[in-house]
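Colleague: Using this note's numbering, the first residue of the sequence shown is number 2, and each one after it goes up by one. In this text, a Cβ means the ideal position worked out from N, Cα and C, and glycines have one as well. Below is a structure I'd like to ask you about.
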Amino acid sequence: MAGSSRGIRVPRARGEAVRKALVERGLFDRGRKISSDGSFVYLPVLSLEGEAFSAIKMISDLEPVEAPFEAEKPIVTPESILGYKPSYEVVGDIAIVEPVRPKGAQMEAEALLSAERHLRAILIPASDVEGEFRTRRFHHLAGERRTSTIHRENGLRLKLDLEKVYFSPRLATERLRIAEQVYPGQTVLDMFAGVGPFALLLAKRGARVMAIDKNPYAICYLLENAALNKIQGVEALEGDAALLAQRFEGQAYHVIMNLPHSASGFLPSAMRATREGGIVHYYTFAPEDDLYRDWDTIEKAAYEIGVRVEALYQGIVRSYAPRVYNVVLDFSVVKR
Ligand SMILES: C[S@@+](CC[C@H](N)C(=O)[O-])C[C@H]1O[C@@H](n2cnc3c(N)ncnc32)[C@H](O)[C@@H]1O
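Written as structure tokens, this is what we have:
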């Protein structure tokens with residue numbers, strides 16, 4: 002194929018700059034490999050005729066060459082294997098499949114395993130997120146038989162077992178939003194800390210973090226993750242947040258309440274733990290036609306314990322179910 006061998010010869014020192022210029026002008030042939038000899042690199046281009054030729058000449062007065070540019074391996078994706086896009090979430094090296102086609106789960110798992118090289122195990126949920134600890138059971142579909150992994154997020158390595166603790170990679174951006182508001186030396190209370198994705202990120206930024214969780218596995222992983230990431234400044238407390246938060250009355254600059262299905266019951270404890278002007282980050286689930294309905298609940302809880310709240314922010318964190326969203330409401334607590 003004559004077209005398959007078209008390229009230009011460039012002195013090695015200028016290779017990368019010319020490659021970028023070709024890419025920017027849509028002239029670089031991504032289907033073929035770059036090759037090189039001692040002092041030159043050979044860049045494959047889509048055409049050497051007409052306007053393309055003039056454009057290449059404008060980038061640099063380079064020598065067109067006819068050389069055998071080896072074809073890149075075709076990119077294999079789960080979609081190219083299946084003929085449709087599978088739906089899945091990745092935690093570390095494990096994929097959790099939400100089958101798109103009835104009876105498609107096994108095929109989707111095999112396609113994921115062969116196309117996505119970093120995946121080692123493919124699971125399918127065998128239950129909803131349930132119980133006080135918000136955990137799920139899984140069936141194994143393909144790859145290694147395990148539910149534990151190390152997930153990388155916001156520069157942290159988080160070790161966890163998907164069946165023993167709650168974890169969602171879809172909150173990564175939200176965790177960064179909170180981290181940007183927290184300053185070194187500030188005291189933060191993470192009332193429902195899980196394996197520590199909020200707590201460790203904030204401690205890494207220099208905050209002094211009190212991290213509570215009732216699930217003993219979550220606390221074990223949180224401590225292990227603190228060590229894994231060489232993070233100090235986190236105190237992990239196992240038990241009920243409503244009780245343990247009492248120890249920090251009036252101390253917290255920020256209180257994180259990430260227990261969306263039942264956070265409202267913990268509002269008095271969170272508000273008491275907050276210092277004057279401190280901020281509560283409150284997460285809940287809400288229907289799309291009344292996303293921020295919990296402001297009423299928040300104001301009522303404040304009134305009952307004799308404080309005031311000032312709304313600072315409201316936003317959607319992620320979709321949760323059809324027409325239901327996970328939302329966040331940030332407010333400051335005024336005690337005077
Ligand atoms: C939705 S998860 C959030 C975990 C973590 N913040 C994250 O982003 O991955 C809620 C956590 O609250 C914990 N939990 C539930 N009820 C609790 C309570 N009364 N006191 C303390 N922790 C509780 C669960 O074990 C679970 O780890």
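Comparing alpha-carbon positions, which option in Phe286, Glu17, Ala143, Gly278 lies nearest His262?
Modeller: The shortest C-alpha separation from His262 is found at Phe286.
Colleague: How should Tyr89 be labelled, buried or exposed, when 16 other C-beta atoms within 10 angstroms of its C-beta is the threshold for buried?
Modeller: With 16 or more other Cβ atoms within 10 Å, it is buried.
Colleague: Applying the criterion that 16 or more other CB atoms from any shown protein chain within 10 Å of the CB defines a buried residue, is Met59 buried or exposed?
Modeller: When all chains shown are included, Met59 counts as exposed.
Colleague: Using DSSP's beta-bridge definition, name the partner residues of Leu330.
Modeller: Paired residues: Tyr283, Gln315.
Colleague: Which residue's Cα is closest to the Cα of Phe70: Ala53, Ile95, Glu52, Ser37?
Modeller: Among Ala53, Ile95, Glu52, Ser37, the Cα nearest to that of Phe70 belongs to Ser37.
Colleague: Could you name the residues of the same chain whose beta carbon sits closer than 6 Å to that of Glu175, not counting the 5 residues immediately before and after it, in chain order?
Modeller: Excluding residues within five positions, the ones whose Cβ falls inside 6 Å are Val318.
Colleague: Taking the straight line between their C-alpha atoms, what separation do you get for Gly266 and Asp295?
Modeller: Those two C-alpha atoms are separated by around 12 Å.
Colleague: Taking only runs of the alpha helix (DSSP H) that begin and end inside the segment 133 to 221, which ones reach a length of at least 4 residues, in chain order?
Modeller: Taking only runs of at least 4 residues, the alpha helix (DSSP H) segments lying wholly in the segment 133 to 221 are 173 to 180, 198 to 205.
Colleague: Once DSSP output is grouped into helix, strand and coil, what is the label at Tyr304?
Modeller: In the structure shown, Tyr304 sits in a helix (DSSP, three-state: H, G or I).
Colleague: Hey, Tyr1 and Val77 are a contact pair by Cβ (cut 8 Å); roughly how many whole angstroms apart?
Modeller: Here the chain comprises residues numbered 2 to 337, so residue 1 is not present and cannot be evaluated.
Colleague: Once you ignore the five residues that flank Gly279 on each side, which residues in its own chain have a CB closer than 8 Å to its CB?
Modeller: Correct list, in chain order: Ala253, Tyr254, His255, Val256, Ser333, Val334.
Colleague: Closest by CA to Tyr284, which one among Arg146, Phe193, Glu181?
Modeller: Nearest C-alpha to Tyr284: Phe193.
Colleague: Measuring CB to CB, does Pro198 end up less than 9 Å from Leu224?
Modeller: Result no, Cβ atoms of Pro198 and Leu224 do not sit closer than 9 Å.
Colleague: What span of residues does the beta strand (DSSP E) with Ile9 cover, start to end?
Modeller: Counting along the chain, the beta strand (DSSP E) containing Ile9 begins and ends at 7 to 12.
Colleague: Leaving out the 5 sequence neighbours to the left and right, which residues in its chain are closer than 8 Å to Asp129 when beta-carbon positions are compared?
Modeller: Cβ neighbours of Asp129 beyond the five flanking positions: Arg137.
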